[in-house]
Amino acid sequence: MSKTSHLRAPVVTSLLLALAVALPANAGNATTAVQTTRPDHIGIILPPSPPPAQNVVPPDSGLYTTYSFGDAGGYVLWLVCGSTVGSDGCYGSGNLGPFGHAGAIIEGNETVSGKTVTRNIYVVDDAANGGAGVKLYIYTKTDVVSSPYDQITVNLTGTLSLPLVGGAGAVSYIAANKGFLFTGTSRSQEAVRIEKDNLSITELGGFSPPINVSSITADKYGFVTVNFGGSSGFGGFYAFDPSGNFDEDGGGNDLVAGNANGISIGSLAANGASGISASRMQIRLKKTFVKP
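For the record, in the sequence shown the residue sitting at position 148 is 147 according to numbering that gives the first Met the number 0, with numbers rising by one throughout.
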């Protein structure tokens with residue numbers, strides 16, 4: 000924004016004439032600082048353009064971690080491979096567990112500090128306590144990437160018992176956004192939302208007659224849907240916004256797709272499609288605007 004000194008009218012007129020001669024027609028689009036100064040030191044200075052935003056590349060951006068389930072879900076094997084600036088290959092491995100049955104796993108958001116990258120790994124044990132209990136295991140994984148090596152440590156940092164039903168034949172589902180985990184099992188009539196910061200639990204859903212959780216999906220913006228039923232033709236869903244708040248519900252099953260992992264009908268329990276009613280297609284204003 001230009002800043003002009005307050006002068007008497009004749010002086011202002013002469014200043015404007017001087018600027019009209021000195022500045023090109025496209026001066027408003029200038030991207031560098033331009034200074035036009037008269038002999039009496041009256042002039043205008045355009046502020047310099049801000050420096051371009053710099054994208055910080057995490058030091059582990061060339062590495063990936065694979066997970067596999069061993070001993071019928073009794074433990075999870077992790078393996079870190081890829082490349083650093085000075086090498087490529089596999090840099091470390093280890094086991095998570097033991098579990099009654101590891102049913103689902105998801106990584107958390109990374110935190111970068113210099114050459115160190117820290118993230119959580121969340122594992123749902125759907126046969127905890129030797130039976131039908133469900134427990135969330137929280138591991139903290141740290142990568143210190145100092146080319147050509149990656150020093151990896153994984154430690155158990157917490158557990159959380161969940162009000163869900165597991166046991167023989169249970170299938171676990173998990174999805175997440177920046178602040179919350181959403182998880183449930185195929186033997187539970189409700190899902191749960193877990194706040195990552197303080198591990199507080201909120202039970203979600205529930206239909207009448209009761210139907211069990213059948214899938215949980217999330218998209219890149221953090222919207223989440225929790226689906227119930229579908230295999231018998233009767234189903235329902237709940238949708239949540241990126242802040243973990245309830246957004247809508249309905250009959251049938253609605254899923255959201257991300258830009259990394261897609262939706263496969265093979266992983267769903269023959270979920271029935273949702274009906275798209277006219278009421279769902281209407282725009283609902285959050286505030287009523289009154290014309291002045």
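Glycine residues also receive a C-beta, built at the ideal position from the N, C-alpha and C atoms. Owing to the predicted nature of the structure, the values given are computational and were not obtained by experimental measurement.
Query: Helix, strand or coil: which one does DSSP assign to ILE308?; Result: For residue 308 there is no data in the structure shown, the boundaries of the chain being 0 and 291.
Query: Provide the residue span of the beta strand (DSSP E) that contains ILE215, from first to last.; Result: 212-217
Query: I need the straight-line Cα distance from VAL143 to ASN94, nearest angstrom please.; Result: 19 Å
Query: Ignoring anything shorter than 3 residues, give me the beta strand (DSSP E) runs that lie fully in the segment 43-104, in order along the chain.; Result: 62-69, 74-82, 87-95
Query: Using 8 Å as the Cβ pair cut-off and three pairs as the minimum, do the segment 97-104 and the segment 155-163 touch?; Result: no
Query: Please classify ASP124: is it buried, with 16 or more other beta-carbons within 10 angstroms of its beta-carbon, or exposed?; Result: buried
Query: Decide yes or no for the touch test of the segment 128-136 against the segment 204-211: beta carbon pairs closer than 8 Å, at least 3 of them.; Result: no
Query: In this structure, does DSSP put THR36 in helix, strand or coil?; Result: The pLDDT assigned to THR36 is 47, lower than 50, so where the model puts this residue is not dependable, and the model offers no usable value.
Query: In three-state terms, what does DSSP make of ALA174?; Result: strand
Query: Taking its Cβ as the centre, do 16 or more other Cβ atoms sit within 10 Å of LEU198, making it buried, or is it exposed?; Result: exposed
Query: Give me, in chain order, the residues of the same chain whose beta-carbon lies closer than 6 Å to that of VAL111; leave out the 5 immediate sequence neighbours on both sides.; Result: PRO57
Query: If you compare alpha carbons, which of PHE222, THR141, SER92 is closest to ASN176?; Result: PHE222
Query: Of the choices LEU62, GLY85, SER86, GLY69, whose alpha-carbon is the least far from that of VAL79?; Result: LEU62
Query: On the three-state DSSP scale, how would you describe SER112?; Result: strand
Query: Contact defined as beta carbons within less than 8 Å: I believe THR83 pairs with PRO147. What is the distance between those atoms, to the nearest angstrom?; Result: 5 Å
Query: Given SER187, which residues of its chain have a CB within under 7 Å of its CB, disregarding the five upstream and five downstream residues?; Result: LEU163, VAL164, ASN211, VAL212
Query: Smallest Cα separation from PHE181: which of ILE264, ALA217, GLN150, ASP248?; Result: ALA217
Query: What span of residues does the beta strand (DSSP E) with ILE275 cover, start to end?; Result: Here ILE275 belongs to no beta strand (DSSP E), and DSSP marks it neither H nor E.
Query: State the Cα-Cα distance for the pair GLY249 and SER276, rounded to the nearest angstrom.; Result: 10 Å
Query: Go ahead and label GLU194 buried or exposed: buried means 16 or more other beta carbons lie within 10 angstroms of its beta carbon, across all protein chains shown.; Result: exposed
Query: Of all the options LEU254, PHE239, ASP59, which has the alpha carbon lying nearest to the alpha carbon of LYS140?; Result: ASP59
Query: Going by C-alpha to C-alpha distance, which of PRO208, TYR220, VAL122, ILE200 sits closest to GLY257?; Result: TYR220
Query: Just list the residues that DSSP pairs ALA238 with in beta bridges.; Result: THR224, GLU247
Query: If contacts are defined as beta-carbon pairs under 8 Å, then PHE98 and TYR74 qualify, I think. What distance do you get, rounded to the angstrom?; Result: 7 Å
Query: Hey, out of PRO241, PRO208, LEU254, whose CA is closest to PHE233's CA?; Result: PRO208
Query: Would LEU284 be called buried (16 or more neighbouring beta carbons within 10 Å of its own) or exposed?; Result: exposed
Query: My understanding is that ASN252 touches ASN226, with C-beta atoms under 8 Å, so please give their C-beta distance in whole angstroms.; Result: 4 Å
Query: Indicate whether at least one CB of chain E lies closer than 8 Å to the CB of SER160.; Result: Any reference to chain E falls outside this structure, which holds one protein chain only.
Query: Give me the DSSP bridge partner(s) of ASP253.; Result: Note: ASP253 sits in no beta bridge, so no partner.
Query: So, helix, strand or coil for SER142, using DSSP?; Result: Residue 142 is actually Asp in this sequence, not Ser. The answer is strand: DSSP assigns ASP142 an E or B state.
Query: Can you tell which of ALA190, PHE179, LEU159 has its C-alpha closest to the C-alpha of SER171?; Result: ALA190
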